[in-house]
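As structure tokens, the structure follows; a few thoughts come after it.
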Amino acid sequence: VQLQASGGGLVQPGGSLRLSCAASGSIFSINRMGWYRQAPGKQRELVAAISPGGSPNYADSMEGRFTISRDNAKNTVYLQMNSLKPEDTAVYYCNALLIESGKGNYYWGQGTQVTVSS
Numbered sequence: 010v011q012l013q014a015s016g017g018g019l020v021q022p023g024g025s026l027r028l029s030c031a032a033s034g035s036i037f038s039i040n041r042m043g044w045y046r047q048a049p050g051k052q053r054e055l056v057a058a059i060s061p062g063g064s065p066n067y068a069d070s071m072e073g074r075f076t077i078s079r080d081n082a083k084n085t086v087y088l089q090m091n092s093l094k095p096e097d098t099a100v101y102y103c104n105a106l107l108i109e110s111g112k113g114n115y116y117w118g119q120g121t122q123v124t125v126s127s
């Protein structure tokens, strides 16, 4: 199973970006999907996650600015980021939980850089 993230880049403060992450490979079904981020010198933190049925949850600092969604037919999760701030600068990683042979396995994408700067 591979996760391919895309959509990062350089954006000015107040701008928007949309990240995508597509899962491919031997997939029966994907359980929870999510986005994490890691800024230089900081630990990786949860940005948002979404259940198979589409119920989202967000880190407090992101709620209201970020929207997570998923397309189960495409095995893809999205993160719409609005009103970006310089402190949102980080490498963003997608994550997926798959149930395989009765066991939950987490998979990670390669990360996509988001830089918010004027």
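FYI, in the working numbering the residues of the sequence shown are 10 to 127. All C-beta atoms, glycine included, are put in the ideal place defined by N, C-alpha and C. Since this is a predicted model, take the numbers as computed values, not measurements.
Coil, strand or helix - residue i by DSSP
i      : result
Asp97  : helix
Asn128 : Beyond the ends of the chain as shown, which are 10 and 127, falls residue 128; an answer cannot be given.
Ala48  : coil
Asn40  : strand
Same chain, Cβ closer than 6 angstroms to residue i, five either side skipped, listed in chain order
i      : result
Val100 : Gln47, Gly120, Gln122
Leu106 : Asn40, Arg41, Gly113, Tyr115
Tyr102 : Tyr45, Trp117, Gly118, Gly120
Ile77  : Ala57, Ile59, Pro65, Leu88
Cβ distance (whole Å) where residue i is taken to contact residue j below 8 angstroms
i      : j     : result
Gly111 : Gln13 : That belief does not hold up - the Cβ atoms of Gly111 and Gln13 are roughly 27 angstroms apart, past 8 angstroms.
Ala57  : Phe75 : 6 angstroms
Leu93  : Leu26 : 7 angstroms
Neighbourhood of residue i by C-beta, 7 angstroms cutoff - its chain only, sequence neighbours within 5 removed
i      : result
Glu109 : none
Ser60  : Arg41
Residues of its chain near residue i, where Cβ-Cβ distance is below 8 angstroms and the 5 sequence neighbours each way are ignored
i     : result
Glu54 : Tyr45, Arg46, Gln47, Ala68
Residue i versus residue j - alpha carbon distance
i     : j     : result
Pro95 : Pro65 : 24 angstroms
Asn81 : Phe37 : 11 angstroms
Asn91 : Thr98 : 13 angstroms
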